[in-house]
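Written out below as structure tokens is the structure these notes cover.
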Amino acid sequence: DAGVIQSPRHEVTEMGQEVTLRCKPISGHNSLFWYRQTMMRGLELLIYFNNNVPIDDSGMPEDRFSAKMPNASFSTLKIQPSEPRDSAVYFCASSFDSSSSYNEQFFGPGTRLTVL
Amino acid sequence: KNQVEQSPQSLIILEGKNCTLQCNYTVSPFSNLRWYKQDTGRGPVSLTIMTFSENTKSNGRYTATLDADTKQSSLHITASQLSDSASYICVVSERGSTLGRLYFGRGTQLTVWP
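So the protein sequences, as listed, match chains H and P.
Note that the numbering used here gives residue 4 to position 4 of the first sequence, counting from 1, and the numbers run on in steps of one.
Take any residue in the second sequence, note its place counting from 1, add 116, and you have its number in the numbering used here.
Here is the structure:
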């Protein structure tokens, strides 16, 4: 298996532009997680899905952030409009079953977002 | 307030030496504790996971310990290699909710010099 796939790997955009990050989870995994990582705050869980349904989006910072999972093999995280403080590395992770935290989450390589 | 604190923030050691990273948490009720290794430019990769009843768990040169009474965990790296240079993140899961709310430490940045 190729693991969790994220695209793009790097994104540089200007303030106010829309940004869409993409993720393909590991086949057979039914839980998907979006994280943000910064030097100041470390890793933060933004939202997670179970069987394509958003379960907990309490970590989404503002209404400018939205996430969708239209099917079991694809998810997007959208920021509209983007701001410089959104600059971070965004990780997608997947696991077999989110009902137990014992199930390991497998992380993608991340998307490094820079908003100028 | 549930928190996870890691120390030291950064560490530099010479190749071949041992080192120990610390993780203190206040998460309650406790479910499990996981150590991740994150290489530069990569996503975190799980090294070990420990539940309440486990005191020690090894993965090659990595040995994690857990003291659930004092809410402390350590990650010991034996005979360090250059490839051990990475950030090590402690993640504690809270028992009870569907997922088990996850609390992340900010990581220890380890650098191994030749």
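Glycine included, C-beta positions come from ideal geometry on N, C-alpha and C.
Note that the C-beta distance between residue 147 of chain P and residue 222 of chain P is not below 7 Å. Residues of the stretch 90-110 of chain H whose Cβ lies closer than 9 Å to any Cβ of chain P, in chain order: 91, 92, 93, 98, 99, 100, 101, 102, 104, 105, 106, 107, 108, 109, 110. Note on residue 154 of chain P: 16 or more other CB atoms within 10 angstroms of its CB, so buried under the neighbour-count rule. Flagged as an interface residue toward chain H: residue 148 of chain P, by a C-beta distance shorter than 7 Å. By the 16-neighbour rule on beta-carbons within 10 angstroms, residue 41 of chain H is exposed. Contact annotation: the stretch 65-78 of chain H does not touch the stretch 122-142 of chain P, with fewer than three C-beta pairs closer than 8 Å. The contact set of residue 182 of chain P on chain H, defined by CB atoms closer than 9 Å, is empty, because the minimum CB distance reaches about 14 Å. Bounds of the beta strand (DSSP E) holding residue 136 of chain P are 135-141. Membership of residue 175 of chain P in the beta strand (DSSP E) is indicated by the continuous run 172-175.
In chain order, 15, 115 place their CB closer than 7 Å to the CB of residue 83 of chain H, counting only its own chain and leaving out the 5 sequence neighbours on each side. Taken in chain order, the whole beta strand (DSSP E) runs of length 3 or more contained in the stretch 196-225 of chain P are 202-210, 218-220. The beta carbons of residue 204 of chain P and residue 137 of chain P sit closer together than 7 Å.
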